[in-house]
Amino acid sequence: MEYLILISLMIVTAIVITIVQDKKRQKRILDYIRSSFGEPRDDTEEQFYRLGNIETLYLMDKKSIAEHEIVDDITWEDLSMDNIFALVNHTDSYIGEQCLYSKLHDLSKTESDLKQLEEKISFFGTNEDKRFEVREKLYFLGKSYVNYDMPILIENISKHKLKNSKFYYALSYLLMISIAAAIIIRKPVFIGMCIAVYLINMIIHTIKKEKMDIKVKSVFNLGKMLNTSFSLAELVPEFSNEISEDLNTLKSTAKRSTFLEQKNATDNKDEVSMMMSYLLGPLMIDFIMYDKIISELIEKKSECMRIYKFIGEIDCSVSIASYRKSAAIYCIPKTADNDSFSFVGLVHPAISNAIPNDIEYDRNIIITGSNASGKSTFIKSTAINLILGQTIHTCTSESASVPKCGVITSMAVRDDILSGESYYIREIKYLKRMIELCQEDRLLFLAIDEILKGTNTRERIAASKAILNYFTDKRCMLLVATHDLELAKAFDKIFANYYFSEVIDSDDIMFDYTLHNGINDSSNAIKLLSAIGFPDDIVDKAKEEIAKPDI
């Protein structure tokens with residue numbers, strides 16, 4: 001009797017400790033949810049580690065998007081869009097994170113799509129109580145690495161069917177029968193049989209679980225995802241109409257998976273979870289539930305994926321609302337009526353205290369200017385905001401007018417040692433892809449930084465003129481940065497010319513990072529050598545050389 005009392009006290013103590021710890025953990029989470037909205041995230045480094053997992057959904061989505069409506073890998077890298085993603089990423093779940101990453105690549109959305117997105121962003125930006133409830137549901141989905149393969153699991157669900165499933169059903173039934181016999185008949189032989197079956201099942205379950213652990217956890221979390229979608233649909237029914245039929249179709253699967261939502265003992269090391277594992281493991285409950293859920297989902301992949309994206313869209317909307325609040329400046333862009341764009345007070349989203357600039361596109365543009373004066377940053381700011389305006393309906397400017405257009409860049413060109421391609425070869429390949437995408441009547445924004453920098457001056461000017469002439473006959477909005485004043489002057493009649501410049505104060509060089517009308521015929525390469533401390537004999541010799549008439 002004393003032993004029973006002692007065991008009971010130990011169990012009660014363990015339960016109380018678990019409950020207290022869980023309440024403390026939940027309070028920390030709720031405090032974080034309340035305080036983090038509109039605050040910049042501090043997990044950028046962790047996000048970069050997760051990128052290989054985050055991009056899973058995008059790699060699936062891009063198969064159904066036209067090539068000119070995707071922010072391709074070259075443009076993404078040119079614009080350092082991973083950093084922009086990290087800025088905008090205020091998501092609470094792995095699903096939202098994946099959907100946001102895919103969304104930032106997708107320029108196919110219509111004006112109607114963006115209007116619906118704006119309704120969600122505005123709703124979550126102003127309804128604090130509802131936002132808190134939604135974020136609480138999303139947060140408990142978490143960002144565990146094992147879950148980022150969920151889109152692949154859904155797409156290939158039939159490959160995850162449990163082999164020899166009837167064997168595990170038989171073991172479960174055998175244990176239940178032996179337990180019933182031991183209780184009813186109460187003879188040592190039946191009690192011994194019950195213990196033997198329990199131990200055999202425990203051994204089989206332990207061995208199989210080691211092999212099945214990741215798959216089983218994934219399906220557990222898939223069920224958790226389904227149940228979260230039902231909770232979100234109840235919280236924001238105005239945004240769930242499109243998936244109401246899908247939810248009804250998967251209602252039975254969601255109910256079946258409710259039992260599996262609690263993490264098993266390999267995740268939670270608390271005493272209650274351990275005891276539940278010892279009790280339920282030999283009954284093969286997790287394997288049986290796994291098999292039943294997989295069987296039901298095989299015919300419902302499309303419904304499941306739409307529900308997955310519904311959750312992601314809700315999380316993205318909250319994330320964008322939070323990003324807007326954290327941004328130094330933002331606006332909701334208007335849709336341009338023609339092949340043009342404009343920005344007032346445009347800044348780069350990743351640069352603190354950036355100097356704002358205005359730009360109104362009505363014809364192709366060439367930008368000249370000194371080294372480090374801001375040409376490349378301005379071009380990147382323009383391209384990034386054309387993407388943000390079409391994907392998250394947000395621009396980092398005072399006002400913006402953005403058309404529906406593809407965005408393609410040729411900027412951060414590098415040699416590729418592995419492929420053996422030189423700088424120039426890679427550069428002309430980047431430009432060739434632009435030419436290929438300009439063949440049809442669709443609007444494209446093309447950004448080129450230092451066109452054909454990888455070859456000699458004479459051929460660079462000749463080839464650049466030919467390429468720019470080619471683009472003038474196409475339906476594209478061209479923004480080119482160059483040091484070649486000959487190029488700017490050659491197109492002065494048909495291109496708009498702008499420039500950035502520096503202010504020289506004694507030996508120091510100051511930049512105003514302000515866009516000016518016209519062509520800048522000054523240069524500062526030698527001045528910069530002096531400004532950063534090159535030896536005087538090098539600077540003086542360079543000045544002598546530049547003064548010669550043949551230089």
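Here the UniProt record's numbering is used: the first residue of the sequence shown is 1, the next is one more, and so on. Built from N, CA and C at the ideal position, the CB exists for glycine as well.
Could you work out which residue in the options is closest to residue i when comparing CA atoms only?
| i | options | result |
| --- | --- | --- |
| residue 585 | THR126, ASP106, LYS211 and LEU479 | The structure shown does not extend to residue 585, since the chain spans only 1 to 551, so no value can be given for it. |
| LEU487 | GLU459, ILE509 and MET510 | GLU459 |
| TYR139 | ALA86, ASN201, GLY125 and ILE29 | ILE29 |
| LEU153 | ILE365, VAL189, ALA86 and SER302 | SER302 |
| SER35 | ARG186, THR228, SER322 and ILE95 | SER322 |
| LYS543 | ILE526, PHE534, HIS393 and ALA531 | ILE526 |
| PHE495 | LYS115, MET305, ILE367 and HIS348 | ILE367 |
| GLY374 | GLU450, CYS395 and ASN338 | GLU450 |
| ILE294 | ILE329, LYS215 and CYS316 | LYS215 |
| SER144 | GLU118, GLU77, SER218 and TRP76 | SER218 |
| MET305 | VAL318, LEU247, LYS465 and ALA350 | LEU247 |
| THR56 | ILE74, LYS103, PRO40 and VAL12 | LYS103 |
| TYR361 | ALA350, ILE203, ASN353 and VAL344 | VAL344 |
| VAL407 | THR472, ARG433, ILE428 and SER370 | ARG433 |
| THR409 | LYS493, MET150 and SER376 | SER376 |
| LYS115 | THR457, THR394 and ASP492 | THR394 |
| LYS255 | ILE183, PHE190 and MET289 | MET289 |
| GLY223 | GLU234, LYS251 and LYS208 | LYS251 |
| GLU242 | ASP113, MET411 and PHE310 | PHE310 |
| LYS209 | LEU280, LYS493 and ALA181 | LEU280 |
| LEU283 | SER178, PHE48 and VAL318 | SER178 |
| SER122 | ARG324, LEU431 and GLY389 | ARG324 |
| LYS120 | VAL318, ILE359, SER464 and ILE355 | VAL318 |
| THR472 | ILE54, ILE365, ASN127 and GLU502 | ILE365 |
| THR391 | ASN53, ILE70 and ILE19 | ILE70 |
| PHE500 | ILE461, PRO333, TYR513 and MET10 | TYR513 |
Would residue i be called buried (16 or more neighbouring beta carbons within 10 Å of its own) or exposed?
| i | result |
| --- | --- |
| VAL480 | buried |
| ARG135 | buried |
| PHE132 | exposed |
| ASN469 | exposed |
| THR396 | buried |
| VAL12 | exposed |
| LYS130 | exposed |
| ASN264 | Legend: pLDDT at ASN264 = 48, less than 50; position of this residue unreliable, no value from coordinates given. |
| LYS211 | exposed |
| PRO188 | exposed |
| VAL16 | exposed |
| GLN439 | exposed |
Rounded to whole angstroms, what's the CA-CA distance from residue i to residue j? Just pull it up for me.
| i | j | result |
| --- | --- | --- |
| ALA447 | THR44 | 27 angstroms |
| ALA170 | ILE157 | 24 angstroms |
| PHE287 | LYS161 | 11 angstroms |
| ASN89 | ILE320 | 8 angstroms |
| SER530 | ASP540 | 9 angstroms |
| ASP267 | LEU346 | Annotation note: pLDDT 48 at ASP267 (below 50); position unreliable, no value reported. |
| PRO349 | VAL236 | 31 angstroms |
| THR482 | ASN520 | 11 angstroms |
| ASP292 | LYS159 | For the sequence presented, residue 292 should be read as Lys rather than Asp. Each residue's Cα considered, the two are about 14 angstroms apart. |
| GLU39 | PHE167 | 53 angstroms |
| GLN98 | SER172 | 38 angstroms |
| THR75 | PHE341 | 19 angstroms |
| GLU436 | TYR424 | 18 angstroms |
| LEU528 | SER370 | 10 angstroms |
| THR335 | ASN497 | 25 angstroms |
| SER240 | LEU175 | 43 angstroms |
| LEU452 | ALA372 | 19 angstroms |
| TYR308 | ASN385 | 28 angstroms |
| SER326 | CYS316 | 15 angstroms |
| ARG186 | TYR32 | 54 angstroms |
| ILE298 | ILE5 | 49 angstroms |
Can you check DSSP and say which residues form a bridge with residue i?
| i | result |
| --- | --- |
| CYS304 | According to DSSP, which records beta bridges pairwise, CYS304 is partnered with nothing at all. |
| GLU502 | PHE511 |
| GLY369 | PHE500 |
| CYS476 | LEU444 |
| LYS449 | The sequence shown places Asp at residue 449, rather than the Lys named in the question. DSSP, once it has assigned bridges, lists ALA481 as partnering ASP449. |
| ALA400 | PHE343 |
| GLY406 | LEU444 |
| ASN357 | LEU346 |
| HIS516 | TYR499 |
| CYS395 | CYS331 |
| ASP106 | ILE70 |
Where in the segment 278-349 do unbroken runs of the beta strand (DSSP E), each at least 3 residues long, occur, reported from the N-terminal end onward? List check, beta strand (DSSP E) in window: 342-346.
Alpha helix (DSSP H) runs contained entirely in the segment 3-57, provided each spans 4 or more residues: 44-54
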